[in-house]
Each structure stands twice: as C-alpha cells, then as structure tokens.
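Remarks on the structure that follows.
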C-alpha cells in the first residue's frame, strides 16, 4: 500500500521549531541531512550534535549520550529513511531503557537526500508500530502542531522514557540551511557544553 499521496501536511521546519521551543537543558542529536538543517534553522545551540554521516546511527549516538548523561533530557531528531536504515537500533534502545531519551522521527515517506524516492514508510511500513513492538513504553504519532506542542514537555521527563514519536510531515523539501560541518568543532563545542575540558 502506498501512503505518499496522503502522507502528511505538517511543515517540517515549523514542526521542529515548535518541538525545540523553550528547549531548556535539552541535548539534541540530529540524523544526517534534512533533520540537521531543520534543527539548525530552529536556532543554533551548543547543545546540538549534528551528524553529517553514519546514516542509521543517530539513535545509537543518542542512546550513548542518554546513558552517559542520565540527568539531562536527550532527543534524537531524525528522518524516516535514516531511522529505517538503523531500525535495529530501536530494539537496543528499548531494552536499554534510557528514561531520559526521546527518538523523534520526521516521517514524510521519502528518502529526501537521494531524490525523494518512496521510503519503506511511504510504502506503508509503520515506524511507530515497530517501536511499540520493540518495547518502547511510550509511542506517539503526531500529525499537527498541536500534537507537537503537547509532546514537547514530555521530552524533558527523566522517568518515562524511552519515548518514540513519529511526526508525520509533508514531503516538501525546504531550502537547505547548513549547520557547522567541521566535525571536530561540533564535538569540542558539545563537550564544552557538557562541562568537559577540550584539549
């Protein structure tokens, strides 16, 4: 079953901006490509860790960060294509039970970085159902800004995770807004934000 024609109408940039509104001490890991552009467009922050490669690895980077920083809320903001490539990571996140971790997938049913081909979710695969089957105690499907706003404060809860949110966005592909691409700079800035010395 192809879902793409009726997939979502939510503007991705507006959704991410709303999700990160009043972010406080939230730590953000982005999947490669459009989610990085969206997070950067929502407002540059030293607590943003942009992944420029390692497709499929965003959830695992977020898991490691959440386990290392249990008193800080952590959100991974990624796309359906990136998360589908690392779908097994959802199993590892679920059994690791990081109470401070949220995985938020911007799902437009397409591979936005390679030509807008239909992704598996565009063909009907349900990432929210996969996350539920993996054992996530909290799974939410969001299709409007009211839903984003209702979910936003839950990301700061350090007891109910891991949480999974599938945000149904439109397939529109806004202009790229590029965050810093220097990996060493991003790493060192993030470490300093966490209070670690940079040598």
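Numbering (my numbering), first residue to last: 3 to 201. Heads up, the beta-carbon is just placed ideally off N, CA and C, and yes, glycines get one too.
For the alpha helix (DSSP H) that contains residue i, what are its first and last residues?
| i | result |
| --- | --- |
| residue 84 | 82–87 |
| residue 94 | 90–98 |
| residue 64 | 60–70 |
| residue 19 | 14–21 |
| residue 40 | 36–44 |
| residue 177 | Careful: residue 177 lies outside any alpha helix (DSSP H) and carries neither H nor E. |
| residue 129 | 129–136 |
Please state if the CB of residue j and the CB of residue i are separated by a distance shorter than 8 angstroms.
| i | j | result |
| --- | --- | --- |
| residue 169 | residue 107 | yes |
| residue 193 | residue 200 | yes |
| residue 103 | residue 141 | no |
| residue 29 | residue 67 | yes |
| residue 73 | residue 164 | no |
| residue 146 | residue 109 | no |
In the DSSP assignment, what are the bridge partners of residue i?
| i | result |
| --- | --- |
| residue 166 | 105 and 141 |
| residue 51 | 31 |
| residue 77 | 30 and 104 |
| residue 194 | BP columns for residue 194 are empty, so no partner. |
| residue 112 | 120 |
Whole-angstrom Cβ separation of residue i and residue j, contact assumed at under 8 angstroms?
| i | j | result |
| --- | --- | --- |
| residue 101 | residue 138 | With 8 angstroms as the limit, residue 101 and residue 138 do not qualify as a contact, their Cβ atoms being about 12 angstroms apart. |
| residue 41 | residue 65 | Going by Cβ atoms, the distance from residue 41 to residue 65 rounds to 18 angstroms, so no, they are not a contact pair. |
| residue 136 | residue 93 | 5 angstroms |
Taking 8 angstroms as the threshold, find out whether the segment 159–176 comes into contact with the segment 14–26 through three or more Cβ pairs. In this structure the segment 159–176 lies against the segment 14–26, because at least three pairs of beta carbons, one per stretch, are closer than 8 angstroms.
Between the segment 33–51 and the segment 153–162, can you find at least three pairs of beta-carbon atoms closer than 8 angstroms? The segment 153–162 vs the segment 33–51: no contact.
Could you check whether the segment 144–155 touches the segment 117–135, counting it as contact only if at least three pairs of C-beta atoms, one from each stretch, sit closer than 8 angstroms? The answer is no - the segment 117–135 does not touch the segment 144–155, with fewer than three Cβ pairs under 8 angstroms.
For the segment 49–66 against the segment 79–90, do three or more pairs of beta-carbon atoms, one drawn from each stretch, fall closer than 8 angstroms, so that the two count as touching? These segments touch.
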